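One structure below.
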Amino acid sequence: MRVSIRRLSEESSSFSFLSVVVSSRRRTVAQLRSSHSSAIMLLLKFIVMALFAAEASSRCVANGTDIPPPPEPEPITITELPLPPVTSNDAEGGCTFDINSHGTGCIGQALTTFQSGAFLPDGLHVTVTVNFTGAPAGPDPASIFTGVQLILVKTDGSTFCNGDTWKCITCGVPVENAIGRSLTMDYPQTFLDGKRLLAGTNIVECTSDLIDDSCTPDQVHIYPIRWNTTTNTTGPGGNIRELRLHPDNVHLGFNSFTILNGKMGQYGYIGRLQFDPFPTWGTPLSPRYDLVSVYRLFDPEALQPVTVDRDNSSLLHINPQSVMVGELRGFSGTGREVSYIGFPAESSNIDVFAADLTTGKVRRLTSHPEYVDPMDISPDDQWTVVMDTRSSGRQMFMAGMRGVPPLTDIVSSSATSSTRNNGVRRFFQPYLIDYYGDRGAYFGQKINAAGDGSPGTINDPEWNGMADPKWSLDGTRIVYWQSHTVPPSCGGINSLVCYNSTEPGGRNYRMMLAHLTSRPPLKPQVVEPISDVVPWGVKYEPGSSTPVLVYPLAGNYVLLGKHFGWANVTLVNNDAGTMIGTVSVVYHDFCDDGLNVLTGSEEDSGQTHTILSAKDQPVTNGLLSFNQPKPSRIMMTQISGGAMIWYGLNQQKLIDYLDFCQLFSLESLNVKSPPHSHPSSQLTNSFSRIRQHTTPSPDSHIATPRPSLSSTILKALIDRFVKDSLKFYDREENVITRLDEMEQQLQIMNLSDPR
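Residue 1088 in the numbering used here sits at position 699 of the sequence shown, with consecutive numbering throughout.
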């Protein structure tokens, strides 16, 4: 994408706080000419002041609306929860008496199968999926501690009767008690009765409370879950994944992959769990839970994310209230909403949403440009905990520019999601966000911010958050887990250094407990069973065909900015003519959010993204002058997350770090001078030339050239190095101090003198 972006200042009273920066343009430009680094630091300080002013402004505005000001940061303490002993020998007998004198099993160093789950109703135990290894051969009693199993872990430091802080629930369950069970045991979740667990596509049930000593292996049953997808009710049923238990403990949310026109997709569903002790149809013919009254959480006949105007076939509309559950992620604590990853609200920005199960009203839970996926909503619906890459800058090269409509996402959403990982490594960290979501300078509170970042500390960046974080029922604690960065994500030919794990036995995974110490416990609540009917969903009929996503047909269209300007949009079918394969967009002073103005063009085919801007106008203020060469092509791949393309975006522009900062300073202060042939300067109010009430032709693709040095990577710098790294929930004087420290580092790096 090659799109230039301007930020409105005096022209928009709602954002008049930017005058702090605007009124200082001349002085800052002069200082940039004399000293690059000092100007950069001065610029950053201006931005700091502007964002603090923005926060104050948002508070004033919020007082007159339903949206309150962002919450103050709260105290959080982090402790690590205990796990079984670790053996470095995975072979039979590798778990010796010296390692575990209780004979209750060992886990391995490497991350093979591990996942923290939900709290039990008492709040004192957490479910965990582990992989036991090195067990002795039978008939040794310890031989049952082998393979993938479910355990309970104490959260208060106490022990079970045998002296362990954990108890295995599924170890040694007789074969006849687990007929037809699946081997998957992921995303362990608890029922309120304290006797049942959901794990993978199974329900684990004990005749007594799971924590009781009387809950022994012979008292445990493992029942499979079956979704009937055939008209003759034969076979094992449909494939289901990423199961989430509804708070009413009666309904279950799940996902199922699709392959349509050679492309993989996914839909979310909800159904009611119905136990059948003696099934007479389908497989397995053993006691099981059936999913009945299933609803697909997508209706191809309802409002879609991108639609054509009913009265004008050349106009497109973006519909934020369209419900498209791409992947179901869970439910709100009260059970009123379903949470999910849906069609982006902004281009290349993957967020989580919540939709009311009755009305279909959509709530955007996150809006930071980084990628979010694992999440959980608090029992009272007022908070969301997410695992997000917002502290990594990982996705900024494609999503850092704000206010870009989700047009290329028609073909690129899968590729966009794939770049968040580096092979098996995630870049997630846990964040706490209030009900109203990201806004202004508020991007939630990083839960594990405390520490000096050294190996093994709470905020060690080599420990990566994983799915899913979970709330305690009283709303005062959150459990999450992390994996350690290991080769090939570091070491060898990778320039990133590997650090040895400091965990017991060199274990490369850990489970953490966050305690929100200032919060009073929530009162226990019972969620009454919801209706089987989802009015905005579609009742699933076994054997019915899978619907395709509905997008506008191939052709030329116009998308009007919500504030002013327009975009010419061209949709082109793939070679087979089965679906849209390429999206091309030309922006003409397009403004959707009242803050950012887009000028430029982009084209995306899902696998290739082309930056189409033919030339950047030279800058005449003495700082930089360059031309953009041939269009750049960015190859997107889903293999191991693809190659990140920070350098590819700007390699023809950026010689060194100073170039990067100079471009950023020009963009932030909007000090762009046009060539002499251009009739007006961007420092004047050029918006008066926009004809807001005229609908342009969908074929009018020639945009008025505007001088600009903007690109996604420039906008990313603000979010990555200012909003995140400087943590604007901190006090103003502390942020200024950090900026001074950054300036000192520039001097140490010999980057303080002009070239």
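The beta-carbon is built from N, C-alpha and C at its ideal position, and this holds for glycine as well. Computed from a prediction, not measured in an experiment: that's the story for all the values here.
For G854, I'd like the list of residues in its chain whose CB is within less than 7 Å of its CB, leaving aside the five on either flank, ordered along the chain.
M776, R815, F817, Q818, P819, Y869, Q871
Boundaries (first-last residue) of the beta strand (DSSP E) holding A956:
953–962
Flag this pair as yes or no: are the beta carbons of D765 and G719 separated by less than 8 Å?
yes
Per DSSP, which residues does G719 bridge with? Please list them.
S728
Where Q871 falls: helix, strand or coil (DSSP):
strand
Nearest to I659 by CA position, among M785, D455, W925, is which residue?
W925
Pairing CB atoms from the stretch 884–898 with CB atoms from the stretch 497–508, are three or more of them under 8 Å?
yes
Under the three-state reduction of DSSP, which class applies to P606: helix, strand or coil?
helix
Just the C-alpha distance for N365 and P474, rounded to the nearest angstrom, thanks.
Because the chain here runs from 390 to 1144, residue 365 falls outside it and cannot be looked at.
In DSSP terms, what G657 is bridged to:
N644
Using only the alpha-carbon positions, how far apart do S728 and D637 sit?
15 Å
Scan the stretch 528–591 and note each continuous beta strand (DSSP E) run of 3 residues or more that stays entirely inside, going in chain order.
536–543, 555–557, 585–588
Have a look at the DSSP bridge pairing and note the partners of H977.
W955
Quick check on D521: does DSSP put it in helix, strand or coil?
At residue 521 the sequence reads Phe, which differs from the Asp that was named. DSSP places F521 in strand when its eight states are reduced to three.
Relative to the C-alpha of A943, which candidate in S884, P668, V697 has its C-alpha closest?
V697
State the DSSP-derived secondary structure class of S477, mapped to helix, strand or coil.
coil
Specify, as a first and last residue, the run of the beta strand (DSSP E) that I919 falls within.
That residue, I919, is in no beta strand (DSSP E); it is neither H nor E in DSSP.
Separation of V712 from V517, as counted between CA atoms:
33 Å
Do you know offhand how far R866's Cα is from V774's?
11 Å
Residues near H610 by beta carbon distance below 6 Å, same chain, minus five either side
N566, E594
Using a Cβ-Cβ cutoff of less than 8 Å, which residues in the same chain neighbour N982 once the five nearest sequence positions on both sides are dropped?
Looking at the sequence itself, residue 982 is Asp, so the reference to Asn does not match. Around D982: R791, G792, K951, H952.
Contact between the stretch 596–615 and the stretch 672–680 is defined here as three or more beta-carbon pairs at a separation below 8 Å; is this criterion met?
yes
In this structure, does DSSP put F503 in helix, strand or coil?
coil
From the DSSP output, in three-state form, read off D688 for me.
coil
Straight-line gap, D841 to I465 (C-alpha atoms, nearest Å):
16 Å
Should D455 be labelled buried (16 or more other beta-carbon atoms within 10 Å of its own) or exposed?
exposed
Note down, in chain order, each residue of its chain lying with its Cβ closer than 8 Å to the Cβ of D1113, except the 5 sequence neighbours on either side.
In this prediction, D1113 has a pLDDT of 41, which is less than 50 and means its spatial position is unreliable; nothing more can be read from the coordinates.
Taking the alpha-carbon positions, what's the P794 to I533 distance?
55 Å
Check whether K543 and L513 have beta carbons under 8 Å apart:
yes
Any contact of the stretch 871–882 with the stretch 906–925, i.e. 3+ C-beta pairs under 8 Å?
no
According to DSSP, is D982 helix, strand or coil?
coil
When we look at the beta-carbon of N810 and count the other beta-carbons within 10 Å, is it buried (16 or more) or exposed?
buried
Which residues DSSP lists as bridging H706, in chain order
T696
Does S403 come out as helix, strand or coil in the three-state DSSP assignment?
Only weak support is given to the placement of S403: the predicted model assigns it a pLDDT of 29, under 50, and the value that follows is read from those uncertain coordinates. Helix.
Distance, M901 Cα to V937 Cα:
41 Å
Around the C-beta of K750, are 16 or more other C-beta atoms found within 10 angstroms, so that it is buried, or is it exposed?
exposed
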